[in-house]
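Peer 1: Encoded as structure tokens, here's the structure I'll be asking about.
2 protein chains.
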Amino acid sequence: MNLSPGQLDTLFQALGDPTRRAILERLARGPATVTELAGPFDMALPSFLGHVRRLEGAGLVETSKQGRTRTVKLVPGAFTPVRSWLDEQRALWEGRLDRLDDYLTRLMKERADGS
Amino acid sequence: MNLSPGQLDTLFQALGDPTRRAILERLARGPATVTELAGPFDMALPSFLGHVRRLEGAGLVETSKQGRTRTVKLVPGAFTPVRSWLDEQRALWEGRLDRLDDYLTRLMKERADGS
């Protein structure tokens, strides 16, 4: 995947807030209006809208307006860059453990042969 | 997993910086001294150490000192809470798509029966 470091920064930073993660958790169950989304939060609407806009800026949600109602929905595949980065880290780590395992096996074999 | 929202905040925020992600990518290949780690970065040492401390605070790396040398290594399983959260989101999303699929199948069957 061709991804600028800035995109990963924006994604991880967007996820580093409990309100924004709660919004995403709600939207994973289906789209919602801003009013529905804001309901459970004890927060002024402008602050709440700031969180929605931050998620929109990170490409995690999309919003659309019909009349006076703004609907928010999750962007399919928006978590993919984050997952890919984590998968790469796991692959590097497991590759390292495999090499360590090979090394220890060889070492034990050499010792057994030498004894 | 029993995880406070604050822990996820700290983890995601720690990952939202290119220098800190690069440190983690390097450490996935094996432990390194602070001097080795800092090498590729055009950054004053105190700023660089700030990033290492931030990763340590999030529980992503461990450091140990022998003489004047500080070694940094990845904490095994440190990404697990982040992965778990992403997996939960995927499960919610896929559950939603499954229900939508069931609904559409039932709707089409009802229409076919009715025609």
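Here the protein sequences line up with chains A and B, keeping their order. Just so you know, we're using full-length UniProt numbering here: the first sequence kicks off at 1 and counts up by one. Just so you know, we're using full-length UniProt numbering here: the second sequence kicks off at 1 and counts up by one. Where is the CB? At the ideal position from N, CA and C, for every residue including glycine.
#1: Can you check whether the CB of B:Phe-79 is closer than 8 Å to the CB of A:Gly-16?
#2: For residue 131 of chain A, count neighbouring Cβ atoms within 10 angstroms of its own Cβ and tell me buried if that reaches 16, exposed if not.
#3: Starting from the C-beta of B:Pro-46, find all residues in its chain whose C-beta is less than 7 Å away, skip the five residues before and the five after it, and write them out in chain order.
#4: Taking Cβ-Cβ distances below 8 Å as the criterion, which residues of the stretch 18 to 31 of chain A are in contact with chain B?
#5: Run through the DSSP bridge pairs and tell me what A:Val-61 is partnered with.
#6: Our contact map puts A:Glu-92 next to B:Arg-29 with C-beta atoms below 8 Å; I'd like the distance itself, whole angstroms only.
#7: Run through chain B and tell me which residues come within less than 7 Å of A:Phe-48, C-beta to C-beta.
#8: Within a Cβ cutoff of 8 Å, which residues of the same chain sit near A:Leu-8, ignoring the five residues on either side of it in sequence?
#9: At least one CB of chain B closer than 8 Å to the CB of A:Leu-86: is that the case?
#10: Hey, quick one: how far does the alpha helix (DSSP H) through A:Ala-112 stretch, first residue to last?
#11: Of all the residues that make up the stretch 92 to 111 of chain A, which are near chain B by a beta-carbon distance shorter than 7 Å?
#12: Please find out if some non-hydrogen atom of the ligand ATP comes closer than 7 Å to the beta-carbon of B:Trp-85.
#13: Does the beta-carbon distance from A:Gly-57 to A:Thr-10 come in below 8 Å?
#14: To the nearest angstrom, how far is it from the Cα of A:Glu-88 to the Cα of A:Glu-94?
#15: Check whether the Cβ atoms of B:His-51 and B:Thr-71 lie closer than 8 Å to each other.
#16: Which of the three DSSP states is assigned to A:Ala-38 in this structure?
#17: At what residues does the alpha helix (DSSP H) containing A:Ala-22 begin and finish?
#18: Distance, Cα to Cα, B:Ala-14 vs B:Asp-113?
#19: Counting contacts by CB-CB distance shorter than 8 Å, is B:Leu-55 in contact with chain A?
#20: Report the rounded CA-to-CA distance for B:Arg-54 versus B:Leu-24, giving the unit in angstroms.
Peer 2: Looking at the coordinates:
#1: No, they are not a contact pair.
#2: Any answer about residue 131 of chain A is impossible in this case: the structure gives chain A only from 1 up to 115.
#3: If we look at B:Pro-46 and ignore the five residues flanking it on each side, it has no Cβ neighbours.
#4: For the stretch 18 to 31 of chain A, the set of positions with a beta-carbon nearer than 8 Å to some beta-carbon of chain B reads Pro-18, Arg-21, Leu-24, Glu-25, Ala-28, Arg-29, Gly-30 in chain order.
#5: When DSSP reads this structure, A:Val-61 sits in a beta bridge with A:Leu-74.
#6: Residue identity differs from the one stated: residue 92 of chain A is Leu in this sequence, not Glu. About 6 Å separates the two Cβ atoms, so the contact holds.
#7: Neighbours of A:Phe-48 in chain B, taken as residues at a C-beta separation under 7 Å, are lacking, since the least C-beta distance is about 17 Å.
#8: In chain order, Pro-81, Val-82, Trp-85 place their CB closer than 8 Å to the CB of A:Leu-8, counting only its own chain and leaving out the 5 sequence neighbours on each side.
#9: Interface residue, yes.
#10: Start and end: 80 to 114.
#11: From the stretch 92 to 111 of chain A, only Leu-92, Trp-93, Arg-96 have a Cβ closer than 7 Å to chain B.
#12: For the ligand ATP, the structure offers nothing, since it holds no ligand at all.
#13: If you check the CB distance, A:Gly-57 and A:Thr-10 come in under 8 Å.
#14: CA-to-CA, the gap between A:Glu-88 and A:Glu-94 works out to about 10 Å.
#15: No. Outside cutoff.
#16: In the displayed model, A:Ala-38 falls within a helix according to three-state DSSP.
#17: Element bounds for A:Ala-22: 18 to 27.
#18: Rounded to whole angstroms, B:Ala-14 and B:Asp-113 show a C-alpha spacing of 56 Å.
#19: It does not; no Cβ of chain A falls within 8 Å.
#20: Rounded to whole angstroms, the separation of the alpha carbons of B:Leu-24 and B:Arg-54 is 12 Å.
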